Amino acid sequence: MSQTNQICAVVLAAGKGTRMKSELPKVATLLKGKPLIQHVLDNLKASGIDKIYVVVGFKKEEVMKICSSYQNIHFVEQKEQLGTGHALLCCEESLKDFQGNLLVACGDVPLLTSSSFRNLSSYHTANHHSVTVLSAQIDTPKGYGRIIRNKEGLLEEIVEEKDANDDQRTVTEINTGTYVFNSPEVFQNLKKVNTENAQGEYYLPDLVKIANSKKEKTGALKLANHLESSGVNSPEDLQRLETYILEGKIAV
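The working numbering puts the first residue of the sequence shown at 11, with every later residue one more than the last.
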């Protein structure tokens with residue numbers, strides 16, 4: 011396999027998930043009898059990705075135990091929860107010799123299919139992008155980062171809701187929190203990310219603006235089935251995802 015076709019994944023799984031009203035790490039929450047993160051790992055493996063790094067933090071031992079039956083899983087600890095950008099930066103040492111597509115997925119977004127992961131990586135490679143984000147068109151985008159495109163339809167930036175102006179909040183194309191970056195170049199750009207935002211965190215979406223400022227190519231691939239992008243932040247979300255599965259609106 012040539013280096014340009016190399017791919018590995020990073021799964022973000024360090025969060026506490028306070029709104030779940032549970033003592034479990036969020037990614038350990040069961041969906042159809044299986045922890046959320048196992049859904050993500052199974053779909054990544056099915057997409058052909060062999061090597062996966064899991065970023066752990068809150069109750070890391072529990073998360074590591076859940077992942078222990080998988081081959082080629084490596085763990086990276088995020089000691090402080092300083093945002094998604096910081097979580098990926100924690101992987102720099104582990105990935106310093108890796109060249110290729112680096113797919114970043116969320117451990118609490120369990121319904122993304124293996125074909126969606128494959129399509130995102132293929133789209134990234136075919137278009138020679140520096141950053142590719144997986145987006146979704148939804149009716150009620152409240153709470154999500156918005157995909158901001160220019161007049162030509164090209165990706166300009168991703169704006170978190172708390173940082174968005176009234177115009178940007180009307181946008182219904184949202185960030186699923188799933189990306190493909192070029193490694194090792196992404197780590198240089200990550201060092202330019204700052205915390206000048208409403209959350210005071212290092213945001214992965216800022217890599218879009220940084221790449222564009224360097225005249226690197228960026229893009230967003232829209233999901234065919236927007237329901238795949240559904241994350242779990244509350245017991246109500248969990249119930250909704252179970253309903254999607256029961257009603258056959260999504261394949262698991």
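From the three backbone atoms N, C-alpha and C, an ideal C-beta is built for every residue, glycine too.
Note that the structure is predicted; figures quoted are calculated from it, not measured.
- Message: N82 and D60 - do their beta-carbons sit closer together than 7 Å?
- Response: Residue 60 sits at position 50 when you count from the first residue of the sequence shown. Residue 82 sits at position 72 when you count from the first residue of the sequence shown. Result yes, Cβ atoms of D60 and N82 sit closer than 7 Å.
- Go to I184, then tell me how far its alpha helix (DSSP H) extends in each direction, as first and last residue. Residue numbering aside, residue 184 sits at position 174 when the sequence shown is read from its first letter. Looking at the DSSP string, I184 is not in any alpha helix (DSSP H); the run it does join, the beta strand (DSSP E), is E183 to S193.
- Task: May I ask you to report which of helix, strand or coil DSSP gives P245?
- Result: The residue given as residue 245 occupies position 235 in the sequence shown. Look at P245 here: in three-state DSSP terms it is helix.
- Message: Looking at the strands, I want to know which residues DSSP matches up with H84.
- Response: Taking the first residue of the sequence shown as position 1, residue 84 is located at position 74. In the DSSP output, where bridge partners are listed per residue, H84 has Y63.
- Query: In chain order, which beta strand (DSSP E) runs of at least 3 residues are fully inside the segment 90-125?
  - Reply: 110-116
- Below 8 Å on the Cβ atoms is my guess for V218 versus I168; work out the distance and round it to an integer in Å. Numbered from 1 along the sequence shown, position 208 holds the residue referred to as residue 218. Numbered from 1 along the sequence shown, position 158 holds the residue referred to as residue 168. Correct: roughly 5 Å between the Cβ atoms.
- Cross-strand partners of T142 (DSSP beta bridge): Here residue 142 is taken as the residue at index 132 of the sequence shown, counted from 1. V190 and G229.
- To the nearest angstrom, how far is it from the Cα of V64 to the Cα of V37? Numbered from 1 along the sequence shown, position 54 holds the residue referred to as residue 64. Numbered from 1 along the sequence shown, position 27 holds the residue referred to as residue 37. Using only the alpha carbons, I get a separation of about 11 Å.
- Whole-angstrom Cβ separation of E170 and Y212, contact assumed at under 8 Å? Translated into the one-based positions of the sequence shown, residue 170 becomes position 160. Translated into the one-based positions of the sequence shown, residue 212 becomes position 202. E170 to Y212, Cβ: 12 Å. No contact.
- Task: With a 10 Å radius around its C-beta and 16 neighbouring C-beta atoms as the bar for buried, classify S140 as buried or exposed.
- Result: Here residue 140 corresponds to residue number 130 of the sequence shown, with the count starting at 1. Buried, because 16 or more other Cβ atoms sit within 10 Å of the Cβ of S140.
- Item | C-alpha distance - V196 paired with I148, whole-angstrom precision | Along the sequence shown, one-based indexing puts residue 196 at 186. Along the sequence shown, one-based indexing puts residue 148 at 138. Looking at the two C-alpha atoms, the distance is approximately 29 Å.
- In terms of residue numbering, what span does the beta strand (DSSP E) encompassing R159 cover? On the sequence shown, residue 159 is found 149 positions in, with the first residue counted as 1. Residues R156 to R159.
- Start-to-end residues for the beta strand (DSSP E) that takes in P165: Working through the sequence shown from its first residue, we reach residue 165 at position 155. For the record, residue 165 in the displayed sequence is Leu; it is not Pro. Run containing L165: L165 to V169, per the beta strand (DSSP E) assignment.
- Where V21 falls: helix, strand or coil (DSSP): Within the sequence shown, numbered from 1, the residue matching residue 21 stands at position 11. It is a strand residue.
- Message: Assess contact between the segment 159-167 and the segment 89-97, defined as three or more Cβ pairs (one per stretch) separated by less than 8 Å. Is contact present?
- Response: no
- Task: Under the assumption that C116 contacts L22 (Cβ atoms under 8 Å), give the Cβ distance between them as a whole number of angstroms.
- Result: Mapped onto the sequence shown, residue 116 falls at position 106. Mapped onto the sequence shown, residue 22 falls at position 12. Going by Cβ atoms, the distance from C116 to L22 rounds to 5 Å, so yes, they are a contact pair.
- Query: Is it the case that the Cβ atoms of D52 and V242 are separated by a distance below 7 Å?
  - Reply: Taking the sequence shown and counting its residues from 1, the one referred to as residue 52 is at position 42. Taking the sequence shown and counting its residues from 1, the one referred to as residue 242 is at position 232. No; because the gap between Cβ atoms is not below 7 Å, this pair is not in contact.
- Message: Quick check on the DSSP output: the alpha helix (DSSP H) that includes A221 runs from which residue to which?
- Response: Within the sequence shown, residue 221 is the residue found at index 211, counting from 1. D216 to S223 is the span of the alpha helix (DSSP H), which, as asked, contains A221.
- In its own chain, which residues sit with a C-beta less than 8 Å from the C-beta of H49, not counting the 5 before and 5 after it? Numbered from its first residue, the sequence shown carries residue 49 at position 39. Result list for H49: L41, P120, L121 and V262, in chain order.
- Message: Whether or not the segment 218-228 and the segment 192-206 are in contact is what I'm after, with contact meaning three or more pairs of Cβ atoms, one per stretch, closer than 8 Å; do they touch?
- Response: yes
- In whole angstroms, what separates the C-alpha of S131 from that of R250? For the purposes of this step, residue 131 is taken as residue 121 along the sequence shown, with counting starting at 1. For the purposes of this step, residue 250 is taken as residue 240 along the sequence shown, with counting starting at 1. Their backbone Cα atoms lie some 28 Å apart in a straight line.
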